[in-house]
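Heads up, the sequence shown is in this note's numbering, so the first residue is 9 and it goes up one at a time.
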Amino acid sequence: MLFSRNNSARRLIREQNLLKAYINTQPIERVYNVRFLGIILDSNLSGKAHFEYLIKKGRSLINILSSLAAVWWGSHPQLLLTLYRAVFRGSIEYGCQIFILHNKKTLLLQFERLQYRAIRLAMGYRQSTPINVILHEARELPLKLRFAALSERLVLKATSINNGLVLRSLTSMEASLCTPEEKYEAIRRSPSFKHYILNKNTFDNPFQSTFHPAFEASYSEFVFRESFHHVLSDTKNKTDQMIRSEFLANSYNLRDSAITLYTDGSKTEEGGCVGAAVYSPELGVSFRYKLSTEASVFTAEA
């Protein structure tokens, strides 16, 4: 397989049958599409063959969802959404950090229409239901925003890995760009490089580790859960100080040599904003947050 973005050179090689390859005098057949790590690569690296495969796969999923949603007992919407996310969304998200869709509006539009149709089938909406409504009810981002979020997440994750290959590649790519025009073209063509430029100054000293911080502790410490079943009784006849003293005395063994975190959420008045707070007496720190007006007390408590 010969990779070239020059159409004239590729046509000349194909017509004149140049660059023949042999193994033990046996000619090797030239192909124009090949699958590598789940992605179909074409000879001019346009990604068109891979996108056409994904569109065909998406249409097959639509037929499956139509069959499952049409049975007499009905399928649960969450089940159908899970099927959509696992089969179709997972496929189009794979490799979205390297594929460019801003200059392939027709392909992106086909992906979006498949997404809307799948969600409509899963949620049981009519064709006239507005797109923003079905995306909000299904808790789904538009594909363009979803791809951008995944690319940004990849770059931010790469900054936390010591001497990571992704970060080294992006850094060397930036160093090789000599003019503003070259940098602009690289940003336009590479989603990952674009988000690297946008976020490289976000964290001056990011936390870096060769493994997940959760694995710094032993497995027994990681899965350990302490139980506390003491119930304060007869609180009506006790002062706040007495209740506090009793709680501290009963929980002493639980709190000994440990860091305690107290959390709470409340809404002060009708129509006001919900607040959430975290307090640690051992660390001597407290955090208070004012949530959006759409948040409820249940959101703060969660």
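Note that the Cβ used here is the ideal one computed from N, Cα and C, for glycine as well.
Own chain residues within Cβ distance below 7 Å of residue i, not counting five before or after
| i | result |
| --- | --- |
| T218 | N170 |
| S75 | none |
| I142 | Y124, I127, R128, M131, Y133 |
| L269 | V286, S288 |
| I251 | L240, T243 |
| F230 | A222 |
| I31 | none |
Member of the options whose CA lies at the smallest distance from the CA of residue i
| i | options | result |
| --- | --- | --- |
| D272 | H238, D264, V305, D248 | V305 |
| A183 | L162, I31, I205 | I205 |
| E120 | N71, K152, T268 | K152 |
| L240 | E229, F255, E234, Q249 | F255 |
| C104 | N207, S300, F201, E309 | F201 |
| L117 | E60, Q86, A94 | E60 |
| R296 | I195, T114, A308 | A308 |
| C281 | E290, I267, L299, G292 | L299 |
| N207 | R176, H84, V163 | V163 |
| R97 | K113, L149, N71 | L149 |
| H238 | N245, N209, N258 | N258 |
| T179 | N209, R154, L158 | N209 |
DSSP three-state assignment for residue i, whether helix, strand or coil
| i | result |
| --- | --- |
| S177 | helix |
| V39 | coil |
| R296 | strand |
| Y192 | helix |
| L115 | helix |
| G242 | Just to set this straight, residue 242 is Asp in the shown sequence, not Gly. Note: D242 maps to coil in three-state DSSP. |
| Y102 | coil |
| Y61 | helix |
| I31 | strand |
| I47 | strand |
| F96 | helix |
| S74 | helix |
| E148 | coil |
| F219 | coil |
| L185 | coil |
| F306 | helix |
| S226 | coil |
| Y133 | coil |
| E234 | coil |
CB contact check: residue i to chain C, cutoff 7 Å
| i | result |
| --- | --- |
| L87 | Structure shown: chain C not included; a single protein chain is present. |
Same chain, Cβ closer than 8 Å to residue i, neighbours up to 5 away in sequence not counted
| i | result |
| --- | --- |
| A156 | P199, H203 |
| I139 | Y124 |
| I267 | S288, E290, L291 |
| A303 | C281, V282 |
| T137 | R128 |
Beta-carbon contacts of residue i that lie in its chain and below 6 Å, excluding the five residues immediately before and after
| i | result |
| --- | --- |
| V174 | A166 |
| L49 | V42 |
| I36 | A29 |
| Q135 | none |
Anticipated Cβ contact below 8 Å, residue i with residue j, distance rounded
| i | j | result |
| --- | --- | --- |
| F223 | L262 | Not really, about 25 Å apart at Cβ, beyond 8 Å. |
| G283 | S294 | Wrong, their Cβ atoms sit about 12 Å apart, outside the cutoff. |
| L62 | A146 | The pair is not a contact, with the Cβ atoms about 20 Å apart (cut-off 8 Å). |
| K65 | S99 | 6 Å |
| L122 | R67 | 7 Å |
| Y102 | L69 | Actually they are not in contact, since the Cβ atoms of Y102 and L69 sit about 15 Å apart, beyond 8 Å. |
| S51 | Y40 | 5 Å |
| H58 | I47 | 6 Å |
- Message: Quick check on the DSSP output: what are the complete beta strand (DSSP E) runs of length 3 or more inside the segment 258-287, in order along the chain?
- Response: Here the runs fully enclosed are 270-275.
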